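Just so you know, our numbering puts 134 at position 151 of the sequence shown, and the rest follows in order with no gaps.
Think of the CB as a built atom: it goes at the ideal place given N, C-alpha and C, for glycine as much as any other residue.
Treat the numbers as computed from the prediction; the structure is a model and nothing was measured.
Structure, as structure tokens:
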Amino acid sequence: MSRLRDAFARMKGRARPGLVAYVTAGDPDLARSREVVRGVVRGGADVVEIGVPFSDPIADGPAIQRATERALASGGGLEPTLALVRDVRAEVDAPVVLFTYVNPLLRFGLDRFVEAAADAGVDGVLLLDLPIEEAAPVHARLDANGIDQIFLVSPTTTRERLEEAARLGRGFLYAISRLGVTGARQSLSDAAEPLVRRIRDVTDLPIALGFGVSTAEQVRAVTGFADAAVVGSAIVDEVGRAAREGRDPAGAAEVFVRGLVGAAGPGGGSRI
-16 MSRLRDAFAR MKGRARPGLV AYVTAGDPDL ARSREVVRGV VRGGADVVEI
34 GVPFSDPIAD GPAIQRATER ALASGGGLEP TLALVRDVRA EVDAPVVLFT
84 YVNPLLRFGL DRFVEAAADA GVDGVLLLDL PIEEAAPVHA RLDANGIDQI
134 FLVSPTTTRE RLEEAARLGR GFLYAISRLG VTGARQSLSD AAEPLVRRIR
184 DVTDLPIALG FGVSTAEQVR AVTGFADAAV VGSAIVDEVG RAAREGRDPA
234 GAAEVFVRGL VGAAGPGGGS RI
């Protein structure tokens, strides 16, 4: 069983909701970004999703685009992201998923990337713009190196494509609650729970639901029907605000995540 499947197994039957916390590698800069990862784990994140800075983030809303700009300005990219994972891996038990687009991997070299990711301790990879029809070569390489490939599914995903995502997917499936780009919303999409029910019809893989989840109330609502909630834009907003105000971004992220999951104090999630 992978580290991701272990993490989702631990979430079952637990009073505290499951959380996948997204941060952008290199935001607000490379040094403090490592501390932000440690901070969200201390706050109670069960899985850390680390975004690879990319110049053309077509699925990211304003908050994550601003985080990406800060990260690129500080020298962020795929290789520094892998170095970040390698640096925190020894002290962080939480699974780490890379959230990226295909182009950085092709430029880096797919075989080289898979080997480097496995060596760094990456547990899963989510390739945002890779069509499932073209996923087999990537999937084979990742699977051979013990890395889970995670697929996105949305309210418009057909039954056939859901079944294919379930067949190829490992670790968990990422359900998009609404169409469009990432970003905090005031309410959950009405399509969220029906989508999770459709996914449950075709697979027993864990399901994490994101896009628009930003408050403790929304996290609790999501985990009433999904296995975990994914929060990204709200966390990177906290990181950016703390950096602008001269506060500790890692501490701000830790406090915010603890509020999302209701953790009583430090160490609410995996070991750090």
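{"Check": "My output table needs one value for Ala99: the three-state DSSP class, helix, strand or coil.", "Outcome": "helix"}
{"Check": "Just to confirm my understanding: we take Leu61, look at its own chain, exclude 5 residues before and 5 after, and list those with CB closer than 6 Å. What are they?", "Outcome": "Val35, Pro87 and Phe91"}
{"Check": "Which value, in whole angstroms, describes the spacing of the CA atoms of Gly234 and Glu221?", "Outcome": "10 Å"}
{"Check": "Considering only residues of the same chain and omitting the five flanking positions on each side of Thr186, which have a CB-CB separation below 6 Å?", "Outcome": "Ala149"}
{"Check": "Given a cut-off of 8 Å, decide if Gly107 and Ile267 are closer than it, judged by their beta-carbon atoms.", "Outcome": "The structure shown does not extend to residue 267, since the chain is modelled only from -16 to 255, so the question has no answer here."}
{"Check": "Figure out for me which residue from Leu93, Thr141 and Glu146 has the closest Cα to the Cα of Pro120.", "Outcome": "Leu93"}
{"Check": "Below 7 Å CB to CB, which residues in the same chain sit around Leu192 once its five sequence neighbours on both sides are set aside?", "Outcome": "Ala158, Ser160, Ala175, Val179, Val205, Ala209, Ala212 and Val213"}
{"Check": "By the 10 Å Cβ neighbour count, where 16 or more other Cβ atoms means buried, how is Ser38 classified, buried or exposed?", "Outcome": "exposed"}
{"Check": "My output table needs one value for Ala56: the three-state DSSP class, helix, strand or coil.", "Outcome": "helix"}
{"Check": "Is the CB-CB distance between Gly58 and Leu13 below 8 Å?", "Outcome": "yes"}
{"Check": "Exposed or buried, Ile190, counting other C-beta atoms within 10 Å across all chains shown (16 or more means buried)?", "Outcome": "buried"}
{"Check": "Based on DSSP bridge pairs, tell me the residues matched to Ile182.", "Outcome": "DSSP output for Ile182 lists no bridge partner at all."}
{"Check": "Find out if the Cβ-Cβ distance for the pair Arg144, Ile182 is shorter than 8 Å.", "Outcome": "no"}
{"Check": "Between the C-alpha atoms of Phe239 and Val19, what's the straight-line distance to the nearest angstrom?", "Outcome": "11 Å"}
{"Check": "Let me check understanding here. Comparing Cα to Cα, which of Val244, Thr141, Glu228 and Ala225 lies closest to Ala199?", "Outcome": "Val244"}
{"Check": "Decide if Leu2 is buried, meaning its Cβ has at least 16 other Cβ atoms within 10 Å, or exposed.", "Outcome": "buried"}
{"Check": "Alpha carbons only, please: which of Arg49, Phe155 and Arg95 is nearest the one belonging to Val79?", "Outcome": "Phe155"}
{"Check": "Cβ of Asp30 within 8 Å of Cβ of Leu81?", "Outcome": "Before going further, note that residue 30 is Val rather than Asp in the sequence given. Result no, Cβ atoms of Val30 and Leu81 do not sit closer than 8 Å."}
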